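Asks: Structure provided below as structure tokens; questions to follow.
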């Protein structure tokens with residue numbers, strides 16, 4: 004309800020209250036019969052109660068519509084949070100029936116489908132659909148030259164649901180013997196656990212670095228994965244240049260292998276790569292997202308309330 008209409012309702016409530024006071028004074032002065040005075044009080048009180056109730060309902064409805072005490076609309080959701088973090092790649096994966104997916108990120112353009120793929124039910128809040136891939140299915144997007152490699156930090160985010168059988172590189176950029184992969188593997192760990200690994204390699208075999216998170220994916224539920232690459236001071240004993248967050252939880256393992264930066268990579272990004280389970284809301288950010296942002300993305304993507312931190 005607009006401000007003028009709400010003010011009119013409140014004014015009507017005040018007038019009704021004044022009528023109730025006048026009727027009581029008239030009764031005390033003997034004006035009118037006892038019966039008519041009682042009826043006047045009852046009618047006026049009923050009117051005042053109804054008006055107050057209506058006014059409270061209007062105020063409550065208005066507050067709900069504006070997000071509380073005069074706020075501006077609904078609280079930001081998952082889509083808003085993703086956009087605010089400035090991805091260079093954002094593929095919603097809601098058009099598997101078509102030939103391409105529009106890149107809503109800063110690089111623009113579109114990613115092209117080849118091979119078999121299927122449109123699936125959405126996995127994240129606000130999503131319209133997800134995509135799964137046949138063994139020959141892939142989604143390909145030209146990477147911006149010079150973006151991947153060296154100390155340029157980046158973050159890959161996606162949602163997935165494991166199929167019955169899988170061990171695929173759901174995101175990769177490989178040129179010759181150099182590249183990086185984000186791979187979801189079924190029960191290849193010696194402990195009998197599934198795993199998610201983030202790895203880069205190159206320089207004629209002289210570089211090979213990886214981080215692995217082991218987990219049980221046998222339940223077949225939806226999971227949120229975030230892979231982070233950032234420059235790290237290897238010589239200080241840290242090895243957090245590669246990190247994997249699963250369902251918003253912080254990493255439990257450190258990277259191992261050659262202590263050197265990612266080689267310069269130019270070529271095309273590929274997604275899906277035969278992964279038969281649905282993948283949804285895939286984004287690449289030009290920075291290492293911090294734990295607060297990653298936790299917020301997971302919470303909002305699950306349809307729950309959270310505050311998205313500033314980029």
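In our numbering, the protein residues as written are 4 to 314. Every residue gets a Cβ at the ideal spot worked out from N, C-alpha and C, and that includes glycine. Keep in mind the model is a prediction, meaning the values are calculated, not measured.
Below 8 Å, how does it come out for the region 251-267 and the region 206-222: are there three or more Cβ pairs, yes or no?
Replies: Flag = yes, the region 251-267 and the region 206-222 touch.
Asks: Can you confirm whether the region 89-103 touches the region 287-304 when touching is taken to mean that 3 or more C-beta pairs between the two stretches lie within less than 8 Å?
Replies: Yes, the region 287-304 touches the region 89-103.
Asks: Identify whether residue 221 lies in helix, strand or coil by the three-state DSSP scheme.
Replies: DSSP places residue 221 in coil when its eight states are reduced to three.
Asks: Given residue 255, which residues of its chain have a CB within under 8 Å of its CB, disregarding the five upstream and five downstream residues?
Replies: The residues are 216.
Asks: To test your reading of the DSSP string, which unbroken beta strand (DSSP E) runs of 3 or more residues are found completely within the region 121-151?
Replies: Here the runs fully enclosed are 133-136 and 141-145.
Asks: Hey, could you find the ends of the alpha helix (DSSP H) residue 83 is sitting in?
Replies: It spans 81-87 - the alpha helix (DSSP H) in which residue 83 sits, taken as one unbroken run.
Asks: Pull up the distance between the alpha-carbon of residue 274 and that of residue 173, whole angstroms please.
Replies: The straight-line gap from Cα to Cα measures roughly 5 Å.
Asks: Taking the beta strand (DSSP E) that residue 105 falls in, what are its first and last residues?
Replies: Its beta strand (DSSP E) spans residues 103-105.
Asks: Is it right to say residue 74 is buried, meaning 16 or more other beta carbons lie within 10 angstroms of its own, or is it exposed?
Replies: Confidence at residue 74 is low in this model, with a pLDDT of 38, below 50, so its placement is unreliable and the value that follows should be read with caution. Residue 74 comes out exposed.
Asks: Tell me, to the nearest whole angstrom, how far the beta carbon of residue 165 is from that of residue 311; I am working on the premise that it is less than 8 Å.
Replies: Going by Cβ atoms, the distance from residue 165 to residue 311 rounds to 27 Å, so no, they are not a contact pair.
Asks: Give the straight-line distance between the Cα atoms of residue 85 and residue 160, rounded to the nearest whole angstrom.
Replies: Going by the C-alpha atoms only, they are around 10 Å apart.
Asks: So what does residue 282 bridge to, in DSSP terms?
Replies: Beta-bridge pairing links residue 282 to 134 and 163.
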